[in-house]
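Q:
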Amino acid sequence: MTRALHTLGAIAERFGLELRGDPALDVDGVDTLAQAGPTRIAFLANPRYRAQLAGAGAAAVVLRAADADACPRACLVAPDPYVAFAKIAALFERGPAADPGVHPSAIVASTARVEVGASIGPCCVVEDGAVVEAGAVLGPHCVVGRDCRVGAHSRLVARVTLVQDVRLGKRVLVHPGAVLGADGFGIAFEHDHWIKVPQLGGVVVGDDCEIGANTTIDRGALGDTVLEEDVRLDNQIQIAHNVRIGAHSALAGCAAVAGSATIGRYCLIGGGAGILGHLSLADRVTVTAMSLVTHSIREPGEYSSGTPIQPNRQWRRNAARFKHLDEIARRVGAAHKEPES
Amino acid sequence: MTRALHTLGAIAERFGLELRGDPALDVDGVDTLAQAGPTRIAFLANPRYRAQLAGAGAAAVVLRAADADACPRACLVAPDPYVAFAKIAALFERGPAADPGVHPSAIVASTARVEVGASIGPCCVVEDGAVVEAGAVLGPHCVVGRDCRVGAHSRLVARVTLVQDVRLGKRVLVHPGAVLGADGFGIAFEHDHWIKVPQLGGVVVGDDCEIGANTTIDRGALGDTVLEEDVRLDNQIQIAHNVRIGAHSALAGCAAVAGSATIGRYCLIGGGAGILGHLSLADRVTVTAMSLVTHSIREPGEYSSGTPIQPNRQWRRNAARFKHLDEIARRVGAAHKEPES
Amino acid sequence: MTRALHTLGAIAERFGLELRGDPALDVDGVDTLAQAGPTRIAFLANPRYRAQLAGAGAAAVVLRAADADACPRACLVAPDPYVAFAKIAALFERGPAADPGVHPSAIVASTARVEVGASIGPCCVVEDGAVVEAGAVLGPHCVVGRDCRVGAHSRLVARVTLVQDVRLGKRVLVHPGAVLGADGFGIAFEHDHWIKVPQLGGVVVGDDCEIGANTTIDRGALGDTVLEEDVRLDNQIQIAHNVRIGAHSALAGCAAVAGSATIGRYCLIGGGAGILGHLSLADRVTVTAMSLVTHSIREPGEYSSGTPIQPNRQWRRNAARFKHLDEIARRVGAAHKEPES
């Protein structure tokens, strides 16, 4: 495979960056500051790596103006080097090797519609009433269930399952193993056993969302589960029925949101964090990793729960005391405070 | 597609509900109290939505007798409106579009048995010695491994993998991405490396169980991993080898149960909760979300661990103090209490 | 199916165990101490099961020398009975029913290479530039993406997805639903929306690793995500981009490791534990279940966070006090301690 080649000058011009160095220099890829060789572009965004700058071997380094003087190589000066680097790196990314059309091993229902330019990979199944819009790419082993829609230029990387009534916007990227539109967890207790509460809603995913590997988003019970545009979900996240996530929010791996919770716009939910059902989070709320949100949060800001990591012997002594913390508090005269829920 | 139509009178009679209103009125679906239009049935179970009753536009509302006078529309009076609604909603649910027989793209071993009326979907693989009983439905991309059994009228929605020696009862529902019968995590340390402990048992799932998307249930090391009847598992749950879960217990998303733990009947395990290996939980134990159970629980009741969510600045100060809680306790004269494990 | 038969004498000789009993006795399998009948071998490793020894019905029991006198049956004496039992059990394990060659339903790119003796199962997809080495076994529905390599005698049990640039060593075992090589979670915030940071690295998995069902291991952003040899991952684990896990470390189910974290050799990470990004853990660090590691750990040993499980009513009172723990500490004269991060 031949690699793409770009000159530093062309890159600077394309992304509006100031170049300090030879504009005719060819580069063929990107790499870390520590590893990049003379045909690669590196970047410096996190100050903890500044010490690596002196030894940089890259063709050029994307960095802030304040770091440029310390750089022994060409510089591409950017106000946000990480953003600029992301755009430059995309020049060298290999797209999916997707031929337009339907692979002969795929099974497409006669009532489904696959638009011109869409690509349906090996062993895909597209069921009744489904639509795959122009430019969408389905990798191998995807299932697009009844009445689902895959928006234009969206990509299901491989082995993605859209169960039923799932509508993806444009440029949505879904990673392998994700399941969208499975039944929500609706059960009602009758006398001595459970009965299933039918799950009749769908899933709506806005434009430019990304959904990680093995993440699950359940269909609504009544009405839809909704991700607004530009929501970013990492791997192994669980989104229950009738959750709504506001635009531009991002959830890290293994986070879980229980049924009918509403998350605002521009929220950041840490890895493994949990949000109980029927709660609301305001816009711009950050929840740190593995915290559990047990009540609605009305103000933007950062929220946490949990205790610090310690050597186990110390932790055991402290944890044992936690079981008597109310008594300890009473002894120190804090007894007038009512327990809060 | 034409929708099912039912009269209010027929619904009331079918489910033994008291109807206050016109029995001849046709309805064609269900919806939320806030959204339902004049051909839909809604319900009021949670008191927090009672204020919506005055503005209800539904054909009829399923509710308790005490709420009937406040309802401006027809009423279907039920002692448990949520249970009654679940049954009514099922009338309008679309079943899987499953034709009996084996899809031409499916691969069924010659020693496997597919009973009359079962449906094997596209790209399914049914291996040696497997049995799919009458009326069972396998959606696309399911694997039924060696010597597995899918009980009558069970349904594997899509892309479910039964690895080996997995026996499902009747009317079991398994959602996409679930993996049953993978090897348990059995490793033994020899000098300086791990050796694998063979996993030789199976998985037994009782009648009427439901298993969520991307949930995993490992085969036993020796003997089986067991779910008794009517166990309800949400998405992304991990059930390790040789766990036993009693009938009618329900586990919410992302819960995890370690090897050889035993959970009683009618237990409720909250989302993200963990149960360590070799423990026993009595019947009717409730564990709240993201709690960790580190010892057996012999009495029914509700159990919790963790700390409350707080603004991060406050939390940091408190969490830092937790590291010295034993010393704090000693200072206040609680030093006579032994640390507990 | 006929079962394998072995004599006790042959087993003792093969694994260097002392036999006390009849070497000519045939055995046809293994079972638990409580269940094993007269043709099965059982074992006693955990002292909590010693009481079962008197009633043992097994052909022979694998145990420590100190327990031999109390055993009413033949004994196979081993310094580590669990290790010895694991090896004996492997004699009776059924291997995958894998015929060498490519199943007619599999789709193998013309530029891929499948070596002699490898087995490619039903509906597998092997993409451009991929290599499946000799003796490797791919069960049904596996995807081996572009430029991936499956090392000799490795096994993808079923429905495993290697997205791109994933290189597995020899004798690697991967369980169903695992996804290796999906994009890491790289996003950069530009003004008012996210842009994707291209993920250009791969995944390298050393010899003799095992990877559990529905576990995810993301490709590196730049450079690779690496598991050294003999790393053991349970189910539903999330390994983010550019993580490095040292040889012989084992992670229990639902653990999660954030981006660029480094875990040493011989570490043990408990179920549901979390490790934040860019941290380092020394060799031989143990983290207990559901603990969150928020700073690097430089010393071997056991580490924990969290609070103990309690009846909910007691817990609520204590948890409410945690919100004021800093104030409580100040009152008892611990105010001179600075909060720690």
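Chains as they are written, first to last, in the working numbering: chain A, 1334 to 1674; chain B, 1334 to 1674; chain C, 1334 to 1674.
C-beta: ideal position from N, C-alpha, C; glycine also.
Leaving out the 5 sequence neighbours to the left and right, which residues in its chain are closer than 6 angstroms to residue 1570 of chain A when beta-carbon positions are compared?
A: Correct list, in chain order: 1548, 1584 and 1588.
Q: Secondary structure at residue 1416 of chain A, three-state DSSP: helix, strand or coil?
A: Note: residue 1416 of chain A maps to helix in three-state DSSP.
Q: Verify the CB distance criterion: does residue 1628 of chain C have a CB-CB separation below 9 angstroms to chain B?
A: Judged by the 9 angstroms Cβ criterion, residue 1628 of chain C is not in contact with chain B.
Q: Which one of C:1398, C:1397, C:1424 and C:1365 has the shortest CA to CA distance from residue 1341 of chain C?
A: For residue 1341 of chain C, the nearest C-alpha among the options comes from C:1424.
Q: Note down, in chain order, all residues in the stretch 1522-1538 of chain C with a beta-carbon under 8 angstroms from any beta-carbon belonging to chain A.
A: Taking 8 angstroms as the Cβ-Cβ cut-off against chain A, the residues of the stretch 1522-1538 of chain C that qualify are 1522, 1523, 1525, 1526, 1527, 1528, 1529, 1530, 1531 and 1533.
Q: For residue 1415 of chain C, tell me which candidate among B:1524, B:1633 and B:1603 has the shortest Cα-Cα distance.
A: Nearest C-alpha to residue 1415 of chain C: B:1524.
Q: Counting along the chain, where does the beta strand (DSSP E) carrying residue 1500 of chain A start and finish?
A: Segment 1499-1501, the beta strand (DSSP E) holding residue 1500 of chain A.
Q: Ordered along the chain, which non-local residues of its own chain (more than five positions away) have a Cβ less than 8 angstroms from that of residue 1665 of chain B?
A: Excluding positions up to five away in sequence, the list is empty.
Q: Would residue 1399 of chain A be called buried (16 or more neighbouring beta carbons within 10 Å of its own) or exposed?
A: Burial call: exposed.
Q: Should residue 1479 of chain C and residue 1507 of chain C be called a contact, given that it needs their Cβ atoms to be closer than 9 angstroms?
A: For residue 1479 of chain C and residue 1507 of chain C, no; Cβs fall outside 9 angstroms.
Q: With DSSP as the reference, label residue 1515 of chain A as helix, strand or coil.
A: If DSSP states are grouped into helix, strand and coil, residue 1515 of chain A belongs with the strands.
Q: Assign residue 1628 of chain C to one of two classes, buried (16 or more other C-beta atoms within 10 Å of its C-beta) or exposed (fewer than that).
A: By the 10 Å Cβ count, residue 1628 of chain C comes out exposed.
Q: Any Cβ of chain A within less than 9 angstroms of the Cβ of residue 1405 of chain B?
A: Chain A contact via Cβ: absent.
Q: Could you compute how far the alpha carbon of residue 1334 of chain A sits from the alpha carbon of residue 1474 of chain A?
A: Bear in mind that the predicted position of residue 1334 of chain A carries a pLDDT of just 45, short of 50, making it unreliable; the figure below should be weighed with that in mind. Roughly 26 angstroms between the two C-alpha positions.
Q: According to the neighbour-count rule (16 or more other Cβ atoms, all chains shown, within 10 Å of its Cβ), is residue 1674 of chain B buried or exposed?
A: Only weak support exists for where residue 1674 of chain B lies, its pLDDT of 44 falling under 50; the coordinates are left without a value.
Q: Would you call the stretch 1647-1667 of chain C and the stretch 1647-1656 of chain B in contact, with 3 or more CB pairs under 8 angstroms?
A: With the cut-off at 8 angstroms, the stretch 1647-1667 of chain C and the stretch 1647-1656 of chain B touch.
Q: To test your reading of the DSSP string, which unbroken beta strand (DSSP E) runs of 3 or more residues are found completely within the stretch 1517-1563 of chain A?
A: Here the runs fully enclosed are 1520-1523, 1526-1529, 1536-1538, 1549-1551 and 1558-1560.
Q: Is the stretch 1376-1392 of chain C touching the stretch 1458-1465 of chain C in the sense that three or more CB pairs, one from each, lie closer than 8 angstroms?
A: Too few Cβ pairs lie closer than 8 angstroms, so no.
Q: Applying a beta-carbon distance threshold of less than 7 angstroms, which residues of chain A neighbour residue 1637 of chain B?
A: Those within 7 angstroms of residue 1637 of chain B in chain A number zero; the least Cβ separation is about 10 angstroms.
Q: Check whether the Cβ of residue 1455 of chain C lies closer than 9 angstroms to any Cβ atom in chain B.
A: Yes, residue 1455 of chain C lies at the interface with chain B (some Cβ there is under 9 angstroms from its Cβ).
Q: On the DSSP bridge list, what partners appear for residue 1583 of chain A?
A: Looking at the DSSP assignment, residue 1583 of chain A forms a beta bridge with A:1565 and A:1601.
Q: Taking residue 1573 of chain C as the query, report the chain A residues whose CB atoms sit under 9 angstroms from its CB, ordered along the chain.
A: Near residue 1573 of chain C (Cβ distances below 9 angstroms), the residues of chain A are 1567, 1568, 1585, 1586 and 1604.
Q: Threshold first: 4 residues or longer. Then list the alpha helix (DSSP H) segments lying entirely within the stretch 1342-1395 of chain B, N to C.
A: As far as the stretch 1342-1395 of chain B is concerned, it has no whole alpha helix (DSSP H) run of at least 4 residues.
Q: In the DSSP assignment, the beta strand (DSSP E) including residue 1658 of chain C goes from what residue to what residue?
A: Where residue 1658 of chain C is concerned, there is no enclosing beta strand (DSSP E), although the alpha helix (DSSP H) it sits in stretches over 1658-1664.
Q: Go to residue 1326 of chain C, then tell me how far its alpha helix (DSSP H) extends in each direction, as first and last residue.
A: Any property of residue 1326 of chain C remains undetermined from this structure, which presents chain C solely from 1334 to 1674.
Q: What would DSSP say about residue 1407 of chain B, mapped onto helix, strand or coil?
A: Correct three-state label for residue 1407 of chain B: strand.
Q: With a threshold of 9 angstroms between beta carbons, is residue 1361 of chain B in contact with chain C?
A: Not one chain C Cβ lies under 9 angstroms of residue 1361 of chain B.
Q: Judging by CA-CA distance, which residue of C:1528, C:1561, C:1355 and C:1351 is the nearest neighbour of residue 1544 of chain C?
A: Checking every option, the nearest Cα to that of residue 1544 of chain C belongs to C:1561.
Q: Counting only Cβ pairs nearer than 7 angstroms, list the residues of chain B close to residue 1556 of chain A.
A: By Cβ distance, chain B contributes 1365 and 1368.
Q: Could you give the distance in angstroms between the alpha-carbon of residue 1647 of chain A and the alpha-carbon of residue 1640 of chain A?
A: Straight-line Cα distance between these residues: approximately 13 angstroms.
Q: Taking just the CA atoms, how far does residue 1438 of chain A sit from residue 1437 of chain B?
A: Approximately 11 angstroms, taken between the alpha carbons.
Q: Give the DSSP bridge partners of residue 1589 of chain C, in chain order.
A: Its beta-bridge partners are C:1571 and C:1607.
Q: May I have a chain-ordered list of the beta strand (DSSP E) segments no shorter than 3 residues that lie completely inside the stretch 1451-1495 of chain C?
A: Segments of the beta strand (DSSP E) lying fully in the stretch 1451-1495 of chain C: 1476-1479.
Q: So what's residue 1421 of chain C in DSSP terms, helix, strand or just coil?
A: In this structure, residue 1421 of chain C counts as helix in the three-state DSSP scheme.
Q: Measuring only between beta-carbons, confirm whether residue 1665 of chain B sits less than 9 angstroms from chain C.
A: Yes, residue 1665 of chain B lies at the interface with chain C (some Cβ there is under 9 angstroms from its Cβ).
Q: Compile a chain-ordered list of the residues in the stretch 1466-1478 of chain A whose CB is closer than 9 angstroms to at least one CB of chain B.
A: Listed by position, the residues of the stretch 1466-1478 of chain A near chain B (Cβ gap below 9 angstroms) are 1474, 1476 and 1478.
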